[in-house]
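Structure record follows, encoded as structure tokens.
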Amino acid sequence: MSPAGPAWPRLRVLQTLWALLVVLLAPWRLWAIKNTQECTWQVVLNNFETVGKKDASDRFVDQEPLYTVDKVFSQLVDAPIDPDEVRGLVSGKRERSWTCTPLGSGHLPTLSLQTYLGFPYYLKINYSCKGELFNLIPRYFVNVPSRPLWYTVDQAPVFILGGIPEEKAILLTDTNFKDFFLVELSIDSCWVGSFYCPQTSFTATIYDAIATESTLFIRQNQLIYYFTGTYITLHESNRGSGRWVRVLANECIKKLCPVHFHSNGSEYVMALTTGKHEGYVHFGTITDGRVSFELLPRQRSVCNGILVVNCSITWAVFIAGDYNLLLLVEIEDPSTRKYFQVVSYDLVSDYLVVLYTIPEFIPDARGLEFLMVLGTESYTNFPMVPKGMSYNPYNNLLFIWGNFLLQSYNSKNFIYLADFPKELSIKYLVNSFYGDTAIVTETEEIWYLLEGSYQVYKLFPSKGWEVHVSLQVMQQSSLYAPNETMVTLFYEDRRLYQLVYLIDNQQGRLVKRLVPVEQLLMYQQISNDYLLERQGSHLTLSFTNFCPFTVMRLRDLPNPQIYTRQERYRAQPPRVLEPGGFHSDNSLAVYQGLVYYLLWLHSKYDKPYADPVHDPTWRWWKNKKQDQVRGEGGESVGGPSPDPPSPSTCPGTVFAPHPVPQDYYFYLASNWRSAGSVHVDMASYEKIYDLKAENELPERIFLDKGTSYRFSVFLTAREPEPLHGPSFQLQSKVGLAVVLADPECIEAVVKEKVLVNRNSVLFWVTLSDKRFCFDQGISGHHLMKTSMLLKVVGSSGHCFQNTNQGPRMQGNLMVPVLIGCPPGKRLAFDITYTLEYNRLQNKHYFDCVHVDPEMPCFLFRDIFYPFFLIQDLVTGDSGSFQGSYVLKVVGGGPTLDTIKEYSEEDIYRFNSPLDKTGSLIWTTRNTTTTEDSAFNILSHNSLGIEGVDKSTYCDYQLTFQLHIHGLPLSARRAFLILMVSASLFVGLVILYVISCLLSPYVVKVCNVLCWKINNIIAWESYIYSIASDTGAFSNTSGIKSGESSGGISRVVSKVAGENRTDTKETLRKKPIS
């Protein structure tokens, strides 16, 4: 199960309810143990017995305030962190609470999942929620048939399991059933039975359940539902279980068939129909959470395609590498009995073809382990009843199962495995996809098959199982009980596990337990193959060991990272400076924060612009380099601005010849005087590029074009018979075989060296890619699946090695191989060298006004010389890209927020030299173009096309943003601006000329106008003064009582008298007529 896909929150450390069981002790003297060993951190519940009791809702909430984080990290003055960045990271806290919901007579546990100190848990915190706490109803599991567990391998973050009788509920887990939840679904359960949709009975049971990375599928009766939203909301009682959408509402679905592997960027599921669309398959595609179904075949039904009247599809298998469907078809012929065929359907060409007709009866193997079915062999009276198929894309092994087991590597020629009894019927197969297959029958028996061999072993019930259970009961194991029912069977990390419902002391519980396949086979071998020999007066017991060798070792294994493509970091915990040596809350918070910060740097490094140093941790220590290289006295060692160290030497560290502050902090830690009693060694957080190989083959191997993987196998024979002669060859039963799933694509060369004096043989094995079966592609996309099986002849089921984790099977080693451009390789924009080279060639460099260190600007009128890097994120290799490439402008905008992607037509107009619309926005000096002359081809030195790099399968593609300033105007817009500017200028000039010519006349007119206005004002004043004086004269010689009026007249006359002179002058110039 993979944490990829929708985020599944991890349980946080609870301050009051959790007991921290930490097995890491701080050293008594820091210098005594310099190399810290790898340790396992476990956090378990200490006070969990009261969860769900008395119908109560329990909340595990203990949110630390942000100032606590600042207080913890502020003490770490020597820590390789930026307090501002840490404070920014912890600000985004979130919380989700789940409530306890009664279901039947039991309860679901209440959980509150949230971040701890602001950091989501990337460390694995083992959380145990034991089955007996659920108090599940026995009728849910007792005597209920087991069912298969279907999910997308390495992708699904959760598993779901249906099959609970008459309940619309599923079991949900995100820890491979270490803990689980019983979720009741809110679905409509509409009855759609009709004349075209046969159904004899109705049930609420959820039968088929499939988990993918982005959604869940279930089938109830003939209805299909898929879940919308995040997995977290499944537990929310108010809306979680109700977000199920019914799909194919008008179809009758009789079965869901899983597709175990994702491909082409999508996941798949298949729905088999009955009724009106009998003979068709609904092929479902899940891409980015969107679900769509297509009815296949497109033109006609399978029945019409294979020229039969009545047929029914029993099972379907999708082979993604060939875009092909394999269909198990049941055909009803009125003249004969029912028979089955394997039909191939090509999704690209819409072509149907019959690959194989299954025999009507089981072949008579006559005591053989296997039988090649050619059609000429004799048969028994037991009819063959096929029920399903299983396909492994790594070794192309197809199983057809029912009351028999057929296997084929090409889907045409089949081998009958005679060890499986024809009286039994297989219910489902469980494939580890690493060479192991478990078989579950209708009677709940468990059988085991090692792929590449033909022997089928019975694991349960068996004598070996009885011995194993007896030993477990003697040890008082809680994983076994007298009454138990198997719920499901599944593989996890190549080991087989059972989910079992146990009833002990009248109480039921669900437990997950290991099925010890190797121990069961050993017990079975010992109980069957032993000999009693009389020696003197007593009998001695001796066992026969059928393993052809005594020692098997893998040697000369190369460093694994270049083949496994796994990026690794070293993150040692902080050293606790306490007498007890146990970690405290502060030290755990610091460690969690540093690990999260390291992973944050890892994700931030995935960007188009390449950093000056090819190492994600460079940003961690780049701001600390001055302190690290500064010696005593405050002077820099090697200059004021030292270059960052090369990651190939020691990533994340800088060495100096003088004592540095780092040594000072180490001195404080050695004397237990570090701040906060916690010491963080900055050099202990780094990326690992030189991981050494262990004595085992990697989990999977990625092969690029023409690359090889070489190792040796050392075998010591059990009973050698040396032949004396010139060659001194070793005569024994030791032989090594290498089986390739696709020999036309990969090849293996085995060289043998006999070590006579050591009774051993050394085999050199070289696995190589043939350069034929894959075209160039993007890193990590559309890889071809194949495998290599390393097999010692005669060792299947007989050879075991005792390890500290129990016995391990030897002699059969299957390694998946993926051919193509391996993940972890990228093309990056070398901004550092691009700026330096552009400044050198253009003799200047002008950045934007507002400088952005992450995205420097380029002036449009300067010639742009881009440079790119080919970087390997796994091995640390980085080099300049020397090949040819096509550069296109695919989007743009005035700001980062307004950038839009161009259409294909726009991309052609803006980039193609053949464009006739005048939309070309950039051009090149060279004239080399693609074959259709649509786009220019550039190269490292711009000397023309150098050809495609044929040494690799990688076809790099990079989309990066370029900040351009000083963009010129288009001709149309420039002409428009010119016309407007010219018009304004000419208009101003004309206006100026007109104003100069008309200014005398304007001045004269203004003077006349002003004179007239003054005359009018003066005339009114004169007339008013004359009238006032006449009134005064009359009043003086007349009425005495007009004193008040005379006073007013005198005032007016005085004012008029003051202006009399001016008035008279005005009157002389222009007398009144």
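The sequence shown lines up with residues 41 to 1113 when you count with my numbering. Cβ atoms here follow ideal geometry from the backbone N, Cα and C, with glycine treated the same way. Source: prediction; values computed, not measured.
Tell me the DSSP bridge mates of residue i?
i: K793; result: L802
i: P1040; result: DSSP lists no partner for P1040.
i: L408; result: Note: L408 sits in no beta bridge, so no partner.
i: I728; result: R608
i: F199; result: T213
i: N471; result: T477
i: A723; result: Beta-bridge pairing links A723 to no other residue.
If we ignore side chains and look at the alpha-carbon of each, how far apart do residue i and residue j end up?
i: S577; j: G834; result: 36 Å
i: S465; j: N443; result: 4 Å
i: R330; j: T252; result: 12 Å
i: Q260; j: V470; result: 23 Å
i: L536; j: F921; result: 47 Å
i: F439; j: V635; result: 45 Å
i: G202; j: F530; result: 15 Å
i: Y996; j: Q816; result: 9 Å
i: K378; j: A781; result: 34 Å
i: I264; j: I210; result: 15 Å
i: G633; j: L597; result: 36 Å
i: S1021; j: L1009; result: 15 Å
i: V369; j: F380; result: 6 Å
i: T874; j: F904; result: 9 Å
i: F410; j: L446; result: 10 Å
i: W487; j: V496; result: 7 Å
i: E524; j: E573; result: 40 Å
From this set, the options, which residue's C-alpha is nearest residue i's C-alpha?
i: D459; options: M412, G407 and S710; result: G407
i: G319; options: I353, R758, S303 and Q538; result: I353
i: P426; options: Q922, Y468, K647 and Y385; result: Y468
i: G428; options: G1027, E417, V223 and I398; result: I398
i: T213; options: I1053, P862, K727 and V223; result: V223
i: V774; options: D744, K825 and V832; result: V832
i: R340; options: E491, L392 and T992; result: L392
i: S303; options: P1008, D248 and I326; result: I326
i: A521; options: G548, Q850, K498 and V496; result: G548
i: S924; options: V930, L581, N976 and G916; result: N976
i: P716; options: Y705, S724 and T963; result: Sequence inspection shows Gly at residue 716; the Pro mentioned does not correspond to that position. For G716, the nearest C-alpha among the options comes from Y705.
i: T245; options: N290, V285 and R187; result: R187
i: L909; options: G919, D386, N797 and R901; result: G919
i: T313; options: P656, E307, H322 and S1023; result: H322
i: Y431; options: S627, P906, V182 and L365; result: L365
Drop a sphere of 10 angstroms on the beta-carbon of residue i, count the other beta-carbons inside from all chains shown, and report buried for 16 or more, exposed for fewer.
i: F242; result: exposed
i: K940; result: exposed
i: G692; result: Residue placement at G692 cannot be trusted, given a pLDDT of 32 that sits under 50; what the coordinates show is reported in the next sentence. By the 10 Å Cβ count, G692 comes out buried.
i: T528; result: buried
i: T604; result: buried
i: D219; result: buried
i: F583; result: exposed
i: S510; result: exposed
i: I1017; result: exposed
i: K452; result: exposed
i: A196; result: buried
i: C297; result: buried
i: A629; result: buried
i: A1011; result: exposed
i: H1005; result: exposed
i: P501; result: exposed
Mind checking whether the beta-carbon of residue i lies closer than 8 Å to any heavy atom of the ligand NAP?
i: E524; result: Among the ligands in the structure shown, none appear at all, so the ligand NAP cannot be discussed.
Is the shortest distance between the beta-carbon of residue i and the beta-carbons of chain D less than 9 Å?
i: L597; result: In the structure shown, chain D does not exist; there is a single protein chain.
What ranges does the alpha helix (DSSP H) occupy inside the segment 547-612, keeping only unbroken runs of at least 4 residues that lie completely in it?
557-568 and 601-604
Completely contained alpha helix (DSSP H) runs for the segment 321-369, where each covers 4 or more residues:
342-345
Ranges of the beta strand (DSSP E) found wholly within the segment 831-898, counting only runs of at least 3:
840-843, 846-849, 852-859 and 865-869
Give, in chain order, every unbroken run of the alpha helix (DSSP H) that is at least 4 residues long and sits entirely within the segment 607-665.
625-644 and 658-661
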